[in-house]
Amino acid sequence: MSSSKNASPAKKQTTLNFGGSSTAPEQPTLSSFLSGGKDQKKDKKGDKENDQMEVDKPELKEDLETVAAEDKKRKRPNIIVDSSDDDETDDEAEDLSHNMEHSKISSQTIVEKSTPTPTPAPAKKLKREEVKSEDVEVKDEPHNIASEEDEDEEIQQAKEEEEADERQKKEDKAVAKKLASVFTKSTKLEPETSWKKGEAIPYSALCKTFELCEGTTKRTEITTYMVKLFKQVIELTPDGLLELLYLCINKLCPDYEGLELGIGETLLMKAVANSTGRSMDKIKSDYRDTGDLGLVAKNSRGAQRTLFAAKKLTVPFVFKTLRTIAKISGQSSQAQKIANISKLLVACQDSEAKYLIRQLEGKLRIGLAEQTILSALAQAVVLTNKGMHYGGSKLSEAQREQAFTKAVEIVKAVYNQLPCYDMIIPALLKYPIEDLADHCKMTPGIPLKPMLAHPTKALTEILDRFENRRFTCEFKYDGERAQIHRLEDGKTTVYSRNSENMSGRYPDVMEKVAQWVAPETTSFILDCEAVAWDREKKCILPFQVLSTRKRKDVKEEDIKVQVCIFAFDCLFLNGESLLQKPLSERREKLRAAFVETEGQFAFARHMDSNVIDDIQSFLDTSIQGNCEGLMVKTFDGEEASYEPSRRSRNWLKVKKDYLTGIGDSLDLVVIGAFHGRGKRTGVYGAFLLACYDQDKQEFQSICKIGTGFSEEALQTHHDFLQEHVIGRPRRDYLVGPNAEKPDVWFSPVQVWEVLAADLSISPAYMAAVGEIDKAKGISLRFPRFIRIRDDKKPEEATSSEQVADFYRRQSGNTSGGGLEQVGGTGVDDDFEY
DNA sequence: AGATTTTGCCCC
DNA sequence: GTTCGGG
DNA sequence: CCCGAACGGGCAAAATCT
Numbered sequence: 006m007s008s009s010k011n012a013s014p015a016k017k018q019t020t021l022n023f024g025g026s027s028t029a030p031e032q033p034t035l036s037s038f039l040s041g042g043k044d045q046k047k048d049k050k051g052d053k054e055n056d057q058m059e060v061d062k063p064e065l066k067e068d069l070e071t072v073a074a075e076d077k078k079r080k081r082p083n084i085i086v087d088s089s090d091d092d093e094t095d096d097e098a099e100d101l102s103h104n105m106e107h108s109k110i111s112s113q114t115i116v117e118k119s120t121p122t123p124t125p126a127p128a129k130k131l132k133r134e135e136v137k138s139e140d141v142e143v144k145d146e147p148h149n150i151a152s153e154e155d156e157d158e159e160i161q162q163a164k165e166e167e168e169a170d171e172r173q174k175k176e177d178k179a180v181a182k183k184l185a186s187v188f189t190k191s192t193k194l195e196p197e198t199s200w201k202k203g204e205a206i207p208y209s210a211l212c213k214t215f216e217l218c219e220g221t222t223k224r225t226e227i228t229t230y231m232v233k234l235f236k237q238v239i240e241l242t243p244d245g246l247l248e249l250l251y252l253c254i255n256k257l258c259p260d261y262e263g264l265e266l267g268i269g270e271t272l273l274m275k276a277v278a279n280s281t282g283r284s285m286d287k288i289k290s291d292y293r294d295t296g297d298l299g300l301v302a303k304n305s306r307g308a309q310r311t312l313f314a315a316k317k318l319t320v321p322f323v324f325k326t327l328r329t330i331a332k333i334s335g336q337s338s339q340a341q342k343i344a345n346i347s348k349l350l351v352a353c354q355d356s357e358a359k360y361l362i363r364q365l366e367g368k369l370r371i372g373l374a375e376q377t378i379l380s381a382l383a384q385a386v387v388l389t390n391k392g393m394h395y396g397g398s399k400l401s402e403a404q405r406e407q408a409f410t411k412a413v414e415i416v417k418a419v420y421n422q423l424p425c426y427d428m429i430i431p432a433l434l435k436y437p438i439e440d441l442a443d444h445c446k447m448t449p450g451i452p453l454k455p456m457l458a459h460p461t462k463a464l465t466e467i468l469d470r471f472e473n474r475r476f477t478c479e480f481k482y483d484g485e486r487a488q489i490h491r492l493e494d495g496k497t498t499v500y501s502r503n504s505e506n507m508s509g510r511y512p513d514v515m516e517k518v519a520q521w522v523a524p525e526t527t528s529f530i531l532d533c534e535a536v537a538w539d540r541e542k543k544c545i546l547p548f549q550v551l552s553t554r555k556r557k558d559v560k561e562e563d564i565k566v567q568v569c570i571f572a573f574d575c576l577f578l579n580g581e582s583l584l585q586k587p588l589s590e591r592r593e594k595l596r597a598a599f600v601e602t603e604g605q606f607a608f609a610r611h612m613d614s615n616v617i618d619d620i621q622s623f624l625d626t627s628i629q630g631n632c633e634g635l636m637v638k639t640f641d642g643e644e645a646s647y648e649p650s651r652r653s654r655n656w657l658k659v660k661k662d663y664l665t666g667i668g669d670s671l672d673l674v675v676i677g678a679f680h681g682r683g684k685r686t687g688v689y690g691a692f693l694l695a696c697y698d699q700d701k702q703e704f705q706s707i708c709k710i711g712t713g714f715s716e717e718a719l720q721t722h723h724d725f726l727q728e729h730v731i732g733r734p735r736r737d738y739l740v741g742p743n744a745e746k747p748d749v750w751f752s753p754v755q756v757w758e759v760l761a762a763d764l765s766i767s768p769a770y771m772a773a774v775g776e777i778d779k780a781k782g783i784s785l786r787f788p789r790f791i792r793i794r795d796d797k798k799p800e801e802a803t804s805s806e807q808v809a810d811f812y813r814r815q816s817g818n819t820s821g822g823g824l825e826q827v828g829g830t831g832v833d834d835d836f837e838y
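Here it is in structure tokens:
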């Protein structure tokens, strides 16, 4: 029987249940959109309390077998992962991993041995846990464990098993901590990552390079490791460069092709459990302790290691399998995905499992990402391109540095305009690098990386940055970035900020673009913001409304949320790239080539003045008009060109909540926390916050928070709050059934000041429940930690009433009067520079 | 069929 | 999206 | 300044569960 937190909420829940919708607001407020009809019936909370306590589930294995048995599917026969054999009877990918001798391996083991990791000897009969505990040298620290024990009977069931695990948990933690230092020491070891010319690249070559990268924080060093690998690939197996590159940046294809793995944390843990024969609960708790599922996978293997070595993984095989996994869909797709993952996992050696899992997670976490890869790629090409200007071994150090710099510049610029390795790599291997831009040009129909902006802390910062330059201010609309492409043949595409193809979401836009162009306009790429629009009130609606738009195969007649496009830049027009032109000119061309259509297409409102008072009032106007703030951009000259993907300081964003003293600052109580992962392993990575309802005398959850902390603050919070952990939520905590439950609960002992951009009606949090919406609470958009408020007691935290007031104030602004025609046309103020 | 859970180089 | 921190 | 890695709320889709 569990009652814990729900006792008191229970009564209030019942009172919430009078059905029907409330007063229909005439204003297009958010709530009027969100409280559409019935609200899902209230929580079924009590029953699913500690349900994660159930015992191991052996079903998974059965699942797989079932799938295999069914085996239907047009796809190939399913891959059954049985630990004992790995006949490669199946799968087209297999032929790629052909005839690889298992030559090396030895040097790697040195690293392993020096590790405290208990690489379990092939102990066939022992259970893994037993193996481990024998190897462990960590002393038992019996303290602190007990504190948590005095829970109660409800949790009793799984207790024994838990205790058995305690020891191992600690040890894993130690392993996680020491790993980095071990790697650091071992960076001197030259990994024997060579292979025979023309053969498939061994996956181990990649993983060993990853290990080296993980062992340092120096970016130049990481780059050097990658250069070495790329160089080797170009020399030995140039055909494999593309796939290798994709594995390095963790992609399956160009962004705009949209192939996705469809693997999440849960599925991945199942896969690890399945392929190692360990229980989900153990995987979960190991993950909590080490903060690294990859490490869990690596350490979980061993025990059931097969007697004979599996065939070595190759880069093409891994890549191909990942693509296969991504393409699986439909019924029982998850079991099939797990089977494919397991197939890879059992063939992993050494650290391969760790990186494989991290690839599947989508985070390599080794300080290596796209920009570094581009640098390394460019440098490797310089080093191997012997006949070319920059190549050759005779260059002096200085000359080579210069060649590197130039090459990196070229490759990055080209990639930003044509973010497609499928096209760039072949060109890079074929032509001199200085000619790359001639072979890889910006192409309408292929999205380019959008230019981004820096946050600004104060208005004066603008003046500082742009001291002697002309600049212009534009409204920052609260919608979705939309890069609209149109080709001469009329083909139209809409891309998101991250180059996802959004055409299926905006059929209305696709259909109407043609009506927005001037007669001479044939082809173009526009940079715009798509914003939810109320046609009757002629005003902008909140982002949360826009986000309710369907995403796929939207039919025009089904569209409920209308959209207005606010164009602010033109990157390509009538066959000509405008990227090099200054903004002043691009804007001119934009305005000449398009015509506004009320409620459908408008130019972003702008104002050109460098007088701070003017900017301040323009900012106010923008906020009143339901916008987020301002974009401030250099206007003239070299500095005003369009620099794809660079968070250049030539674009700044100013939002009210950046400005100190403005914006919604709340004082909230910390009531729970989540264990940190990755570099936050060992401390809490995020916290659950609550406001205080003075009438009901309860703490109502309002949001999680995980940013704004220095590393020192994280440690401080951990040390302090650890002392206030309680076994279960207090009865005066109202947390709702839909939000994730924290790993630990705290007594209400500390108040934090928190900043947010907005307040939203929440499906998960309970703050001010009943005030705005009958059943839903309020949460915060973009919450971040500011400081501890030691001067406030928990009961003095921001009250539910205040939260509701905050919400109403902001809603009032947006739906109240006076914001008609926000986006309007043109230059409203004629300031002289 | 409807509710629930998981996922997203999601959008912000 | 915001923020922090190493280079 | 650049780059990567922690972390936020909330939506529709897809898959699975009941």
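Start counting the first sequence at 6; every next residue gets the next number (my numbering). Beta carbons: idealized from backbone N, C-alpha and C, even for Gly.
### Task
Quick one: residues in its chain with C-beta nearer than 8 Å to the C-beta of glutamate 505, no 5 flanking neighbours on either side, listed in chain order?
Mapped onto the first sequence, residue 505 falls at position 500. Correct list, in chain order: Asp260, Tyr261, Gly263.
### Message
Quick check on the burial criterion: 16 or more other C-beta atoms within 10 angstroms. Buried or exposed for glutamine 520?
### Response
On the first sequence, position 515 is the one that residue 520 refers to. Exposed.
### Task
Indicate the three-state DSSP secondary structure (helix, strand or coil) for lysine 638 in the structure shown.
To locate residue 638, count along the first sequence from 1; it is residue 633. Three-state result, lysine 638: strand.
### Query
Thinking just about the alpha-carbon of each residue, which of Pro452, Ala802, Val238, Glu204 is nearest to the one in aspartate 698?
In the first sequence, residue 698 corresponds to position 693, counting from 1. Closest by alpha carbon: Ala802.
### Query
Nearest-angstrom Cα distance between isoleucine 330 and lysine 658?
Within the first sequence, numbered from 1, the residue matching residue 330 stands at position 325. Within the first sequence, numbered from 1, the residue matching residue 658 stands at position 653. Approximately 40 Å, taken between the alpha carbons.
### Message
My output table needs one value for asparagine 390: the three-state DSSP class, helix, strand or coil.
### Response
Here residue 390 refers to the residue found at position 385 when the first sequence is read from its first residue. Coil, per DSSP.
### Query
Since valine 674 sits in a beta bridge, which residues does DSSP pair it with?
Translated into positions along the first sequence, residue 674 becomes position 669. Looking at the DSSP assignment, valine 674 forms a beta bridge with Ala695, Val756.
### Message
Please classify alanine 463 as buried or exposed, where buried requires at least 16 neighbouring CB atoms within 10 angstroms.
### Response
Here residue 463 is taken as the residue at index 458 of the first sequence, counted from 1. With fewer than 16 other Cβ atoms within 10 Å, it is exposed.
#### Entry: Beta-ladder partner(s) of valine 839, from DSSP
Any answer about residue 839 is impossible in this case: the structure gives the chain only from 6 up to 838.
### Query
If you compare alpha carbons, which of Arg813, Thr222, Pro512, Glu633 is closest to alanine 1?
Residue 1 falls outside the range modelled here, since the chain spans only 6 to 838, and no answer is possible.
### Message
My output table needs one value for alanine 383: the three-state DSSP class, helix, strand or coil.
### Response
Walking along the first sequence from the start, residue 383 turns up at place 378. Looking at alanine 383 - three-state DSSP - the assignment turns out to be helix.
### Query
Are there three or more Cβ pairs, one per stretch, closer than 8 Å when the stretch 741-757 is compared with the stretch 643-658?
no
### Query
Near alanine 169, which residues of its chain fall below 6 Å by C-beta distance, leaving aside the five closest residues on each side in sequence?
Mapped onto the first sequence, residue 169 falls at position 164. Below a pLDDT of 50, predicted positions are generally treated as unreliable, and alanine 169, at 39, falls in that range; the measurement from the model is reported next regardless. The answer is none, since no qualifying residue turns up.
### Query
Quick one: is valine 637 buried, meaning 16 or more other Cβ sit within 10 Å of its Cβ, or exposed?
Numbered from 1 along the first sequence, position 632 holds the residue referred to as residue 637. By the neighbour-count rule (16 or more Cβ atoms within 10 Å), valine 637 is buried.
### Message
Runs of 4 residues minimum, wholly inside the stretch 393-471: which ones carry the alpha helix (DSSP H) assignment?
### Response
402-422, 426-435, 441-444, 464-470
### Query
Under 8 Å between the Cβ atoms of serine 784 and isoleucine 707?
Position 779 of the first sequence, counted from the first residue, corresponds to residue 784. Position 702 of the first sequence, counted from the first residue, corresponds to residue 707. The answer is yes: Cβ separation under 8 Å.
### leucine 211, DSSP secondary structure in three states
In the first sequence, counting from the first residue as 1, residue 211 sits at position 206. DSSP places leucine 211 in helix when its eight states are reduced to three.
### Query
What residue ranges within the stretch 468-513 form continuous alpha helix (DSSP H) runs of no fewer than 4 residues, ordered along the chain?
none
### tyrosine 647 - DSSP class collapsed to helix/strand/coil
Stepping through the first sequence from its first residue, residue 647 is reached at position 642. DSSP places tyrosine 647 in coil when its eight states are reduced to three.
### Query
Buried or exposed: which applies to alanine 523, given that a residue is buried once 16 or more other Cβ atoms fall within 10 Å of its Cβ?
Numbered from its first residue, the first sequence carries residue 523 at position 518. Exposed, because fewer than 16 other Cβ atoms sit within 10 Å of the Cβ of alanine 523.
### Query
Are the CB atoms of glutamate 730 and phenylalanine 704 nearer to each other than 8 Å?
Numbered from its first residue, the first sequence carries residue 730 at position 725. Numbered from its first residue, the first sequence carries residue 704 at position 699. Residue identity differs from the one stated: residue 730 is valine in this sequence, not glutamate. Not in contact: valine 730 and phenylalanine 704 (Cβ atoms no closer than 8 Å).
### Query
For lysine 175, which of helix, strand or coil comes out of DSSP?
Along the first sequence, one-based indexing puts residue 175 at 170. Here the model assigns lysine 175 a pLDDT of 40, short of 50, so the residue's position is not dependable, and the following value carries that caveat. Three-state result, lysine 175: helix.
### Message
For glycine 789 and threonine 712, which I take to be in contact (beta-carbon distance under 8 Å), what is that distance rounded to the nearest angstrom?
### Response
Against the first sequence, residue 789 aligns to sequence position 784. Against the first sequence, residue 712 aligns to sequence position 707. One detail in the question is off: residue 789 reads as arginine in this sequence, not glycine. Yes, they are in contact, since the Cβ atoms of arginine 789 and threonine 712 sit about 5 Å apart, within 8 Å.
### Coarse secondary structure for aspartate 244, derived from DSSP in three states
Here the question's residue 244 lines up with position 239 in the first sequence. Three-state DSSP puts aspartate 244 in a helix.
### Message
Distance check for lysine 557 and cysteine 258, CA to CA, integer angstroms please.
### Response
Along the first sequence, one-based indexing puts residue 258 at 253. Along the first sequence, one-based indexing puts residue 557 at 552. Each residue's Cα considered, the two are about 20 Å apart.
### Query
Buried or exposed: phenylalanine 787, going by 16 or more other Cβ atoms within 10 Å of its Cβ?
As a first step, residue 787 must be located in the first sequence, where it is residue number 782. It counts as exposed.
### Task
Can you tell me which of Asp619, Val756, Gln807 puts its alpha carbon nearest to the alpha carbon of valine 853?
As displayed, the chain neither begins before 6 nor continues past 838, which places residue 853 out of reach and without an answer.
### Query
Identify the residues that DSSP records as bridge partners of cysteine 544: which are they?
Within the first sequence, the letter at position 539 stands for residue 544. Its beta-bridge partners are Asp539.
### Task
Quick one: grab the DSSP three-state call for isoleucine 110.
Counting from 1 along the first sequence, the entry for residue 110 is found at position 105. Confidence at isoleucine 110 is low in this model, with a pLDDT of 27, below 50, so the placement of that residue is unreliable and no value is reported for it.
#### Entry: aspartate 796 (DSSP reduced to helix, strand or coil)
Here residue 796 refers to the residue found at position 791 when the first sequence is read from its first residue. Of the three classes helix, strand and coil, the one that applies to aspartate 796 here is coil, per DSSP.
### Message
glycine 245 and isoleucine 288 - do their beta-carbons sit closer together than 8 Å?
### Response
Looking up residue 288 in the first sequence gives position 283. Looking up residue 245 in the first sequence gives position 240. Cβ distance not < 8 Å, so isoleucine 288 and glycine 245 don't count as in contact.
#### Entry: aspartate 260 - DSSP class collapsed to helix/strand/coil
Counting from one through the first sequence, the residue named residue 260 turns up at place 255. Aspartate 260: helix per DSSP, three-state reduction.
### Message
Can you list, in chain order, the residues of its chain with a C-beta nearer than 8 Å to that of aspartate 662? Leave out the 5 residues immediately preceding and following it.
### Response
Position 657 of the first sequence, counting from 1, holds the residue named residue 662. Contacts found: Gly668, Asp669, Leu760, Ala761, Ala762, Phe787.
### Query
Residue range of the beta strand (DSSP E) that phenylalanine 704 falls in?
As a position in the first sequence, residue 704 is number 699, starting the count at 1. Per DSSP, phenylalanine 704 belongs to the beta strand (DSSP E) from 703-710.
### Task
Specify the secondary structure class of methionine 274 as computed by DSSP and reduced to three states.
Along the first sequence, read from residue 1 onward, the residue named residue 274 stands at position 269. Note: methionine 274 maps to helix in three-state DSSP.
### Query
Should threonine 461 be labelled buried (16 or more other beta-carbon atoms within 10 Å of its own) or exposed?
Here residue 461 corresponds to residue number 456 of the first sequence, with the count starting at 1. The residue is buried, with at least 16 neighbouring Cβ atoms inside 10 Å.
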